[in-house]
Amino acid sequence: MSFLWSLTIPCRECLIEGDTSSVWHVAKAIHKLEFAFGVIPNIRAKGVASTKAAELLNHMQLEDPVSMDNMGIPEIDTVILLDREVDMVTPMCSQLTYEGLLDEMLEIHNGSVEVDASIMGAQQDGKKVKVPLNSSDKLYKEIRDLNLHVVVQVVRQKATSIQQDYAEVKSTNTQSVSELKDFVKRLHSLPEIARHVNLAQHLQSFAAKPAFHARVEIEQIILEAQTYETCYEYIEEIIQKQEPIETVLRLLVLFSLTNGGLPKKNFDYLRREILHSYGFEHMPLLYNLEKAGLVKRQESRTNWPVISRALQLIVDIKDPENPDDIAYIFAGYAPLSIRLVQHAVRSGWRSIEELLKLLPGPHMDLKRGVSTISSSELLPGSGSQQSTDRVGHRSLVLVVFIGGVTSAEIAALRFLSAQEGMGYDFLVATTKVITGNTLLRPIIASSKEGMI
Numbered sequence: 122m123s124f125l126w127s128l129t130i131p132c133r134e135c136l137i138e139g140d141t142s143s144v145w146h147v148a149k150a151i152h153k154l155e156f157a158f159g160v161i162p163n164i165r166a167k168g169v170a171s172t173k174a175a176e177l178l179n180h181m182q183l184e185d186p187v188s189m190d191n192m193g194i195p196e197i198d199t200v201i202l203l204d205r206e207v208d209m210v211t212p213m214c215s216q217l218t219y220e221g222l223l224d225e226m227l228e229i230h231n232g233s234v235e236v237d238a239s240i241m242g243a244q245q246d247g248k249k250v251k252v253p254l255n256s257s258d259k260l261y262k263e264i265r266d267l268n269l270h271v272v273v274q275v276v277r278q279k280a281t282s283i284q285q286d287y288a289e290v291k292s293t294n295t296q297s298v299s300e301l302k303d304f305v306k307r308l309h310s311l312p313e314i315a316r317h318v319n320l321a322q323h324l325q326s327f328a329a330k331p332a333f334h335a336r337v338e339i340e341q342i343i344l345e346a347q348t349y350e351t352c353y354e355y356i357e358e359i360i361q362k363q364e365p366i367e368t369v370l371r372l373l374v375l376f377s378l379t380n381g382g383l384p385k386k387n388f389d390y391l392r393r394e395i396l397h398s399y400g401f402e403h404m405p406l407l408y409n410l411e412k413a414g415l416v417k418r419q420e421s422r423t424n425w426p427v428i429s430r431a432l433q434l435i436v437d438i439k440d441p442e443n444p445d446d447i448a449y450i451f452a453g454y455a456p457l458s459i460r461l462v463q464h465a466v467r468s469g470w471r472s473i474e475e476l477l478k479l480l481p482g483p484h485m486d487l488k489r490g491v492s493t494i495s496s497s498e499l500l501p502g503s504g505s506q507q508s509t510d511r512v513g514h515r516s517l518v519l520v521v522f523i524g525g526v527t528s529a530e531i532a533a534l535r536f537l538s539a540q541e542g543m544g545y546d547f548l549v550a551t552t553k554v555i556t557g558n559t560l561l562r563p564i565i566a567s568s569k570e571g572m573i
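Everything in the sequence shown is counted per my numbering, starting at 122 for the first residue and increasing by one.
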């Protein structure tokens with residue numbers, strides 16, 4: 122994947138009020154991109170905000186056209202626009218990749234996390250330090266998308282290797298100058314290794330707790346639509362224990378979304394329990410969650426099992442250290458959003474037309490005439506290699522998440538790009554990189570000020 126492009130546009134109003142005015146900025150940003158890379162020939166959109174952005178993008182091309190003279194074949198083959206609302210299930214799940222866990226537990230801001238200096242091995246109690254996390258850190262680039270237990274193995278192996286090399290250098294004088302230079306070069310990576318040893322150890326102290334394992338396990342049960350009573354009782358229990366409100370709401374939203382809502386009796390009971398445990402000032406919060414369709418009364422049978430089976434969202438990962446499916450990201454759950462991207466790239470929306478109707482919002486599949494080569498030839502997933510051969514490099518697909526994207530979903534796209542036989546790279550644009558907590562937090566905060 123070439124880059125992540127964050128548009129930093131707040132989209133709380135899209136979720137609660139249905140206000141899509143901010144999507145103009147999304148469309149404008151894509152249109153500006155077209156002036157540099159050419160008119161994007163394929164637009165696929167799903168969701169109210171995304172289809173509006175697609176329409177605006179077409180309108181902007183009419184009002185302020187990108188000249189197609191001398192542009193040749195566009196650099197970006199397809200843009201896929203997805204509303205966060207289309208898949209609210211994924212951000213409610215606990216991220217299990219290294220970068221995802223860092224964001225969940227420490228919250229990444231502007232490419233860094235702020236932690237106590239003691240965590241990084243410094244003897245400065247109470248002092249905070251910023252730890253950079255970006256692709257210039259070669260080790261971070263290597264491990265960011267791995268599961269935590271694999272990360273621990275990788276950094277331990279690298280640290281042990283350098284220790285062994287040091288012991289060898291110390292015990293003998295037979296090394297050549299080039300061998301010594303190579304050893305010194307490897308020593309330069311020590312700060313990176315130490316940094317990630319400390320961070321991984323800190324994350325492990327959380328991830329090893331029984332409560333974390335229990336939460337991940339109950340998420341899997343909810344996603345697999347197994348035992349309703351087990352899930353309901355677990356949520357009731359953590360409410361009574363007064364666990365952080367964000368933790369409770371994430372599981373409650375996940376449960377409601379995959380279950381098509383809660384039966385009225387259970388819905389009313391859990392609402393009362395939340396108010397008793399966390400205070401009646403949370404009444405507006407519960408109202409806003411219901412208004413956004415995140416926690417609701419059950420009115421019909423859930424479509425989740427149909428969607429899950431059709432898109433193969435639940436996958437048995439036999440070798441987590443060498444995964445062959447994006448489902449490794451969530452220990453067996455393939456993000457719904459990324460499965461949609463896979464279908465959009467391979468064959469457009471045609472193959473899953475009926476399935477898309479089960480998901481929130483309208484969908485759109487537009488072809489814009491920019492060359493004599495057909496769009497099916499341009500799409501690398503269509504069986505043609507023309508897109509790769511014609512320019513000597515892989516085609517680009519721009520994926521735009523309106524309303525935010527998780528680090529885990531970005532990791533899934535990087536995983537897909539790296540697979541053998543994939544004829545394209547993904548560029549990711551988003552209004553914000555989110556976790557379930559940061560997605561719900563503005564709703565919680567604004568609800569405290571009164572009903573929105």
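Ideal placement from N, C-alpha and C gives every residue a C-beta, glycine not left out. This one's a predicted model, so the numbers in the text were calculated from it and none came from an experiment.
Going by DSSP, which residues form a beta bridge with residue i?
i	result
residue 95	This structure cannot settle anything about residue 95, because the visible part of the chain is limited to 122 through 573.
residue 251	235
residue 516	545
residue 418	383
residue 218	268
residue 454	435
residue 523	204
residue 550	126 and 521
What are the boundary residues of the alpha helix (DSSP H) that residue i is part of?
i	result
residue 333	331-344
residue 479	It is not in any alpha helix (DSSP H) - residue 479 carries neither H nor E in the DSSP assignment.
residue 406	404-412
residue 326	311-328
residue 557	557-569
residue 347	Segment: none, residue 347 is in no alpha helix (DSSP H) and carries neither H nor E.
residue 530	528-539
residue 156	144-158
Near residue i, what residues of its chain come up, given a Cβ to Cβ distance below 7 angstroms and the 5 sequence neighbours on each side ignored?
i	result
residue 368	359
residue 444	438
residue 98	There is no way to answer for residue 98, as the model of the chain reaches only from 122 to 573.
residue 590	With the chain covering only 122 through 573, there is no way to say anything about residue 590.
Answer with buried or exposed for residue i, where buried requires no fewer than 16 other C-beta atoms within 10 angstroms of its C-beta.
i	result
residue 247	exposed
residue 163	buried
residue 311	exposed
residue 331	exposed
residue 376	buried
residue 328	buried
residue 522	buried
residue 262	exposed
residue 147	buried
residue 279	buried
residue 255	exposed
residue 388	buried
residue 506	Caution is warranted here: a pLDDT of 41 is assigned to residue 506, below 50, making its placement in the model unreliable, and the coordinate value is therefore given only provisionally. Exposed is the call here.
The beta strand (DSSP E) that contains residue i, what's its start and end?
i	result
residue 470	From DSSP, residue 470 is part of no beta strand (DSSP E); its letter is neither H nor E.
residue 171	Segment 169-184 is the alpha helix (DSSP H) holding residue 171; no beta strand (DSSP E) there.
residue 125	125-127
For residue i, I'd like the list of residues in its chain whose CB is within less than 8 angstroms of its CB, leaving aside the five on either flank, ordered along the chain.
i	result
residue 422	381
residue 253	232 and 233
residue 212	205, 525, 527, 555, 556, 557 and 560
Report, in whole angstroms, the separation of the C-beta atoms of residue i and residue j, which I expect to be a contact under 8 angstroms.
i	j	result
residue 209	residue 391	At roughly 18 angstroms, the Cβ-Cβ gap does not stay under 8 angstroms, so residue 209 and residue 391 are not in contact.
residue 529	residue 274	Rounded, the Cβ-Cβ distance is 20 angstroms, inconsistent with contact.
residue 155	residue 517	So it is not a contact: roughly 12 angstroms between Cβ atoms.
With a threshold of 6 angstroms on Cβ separation, who are the neighbours of residue i within its own chain once the five nearest residues in sequence on each side are excluded?
i	result
residue 410	416
residue 432	460
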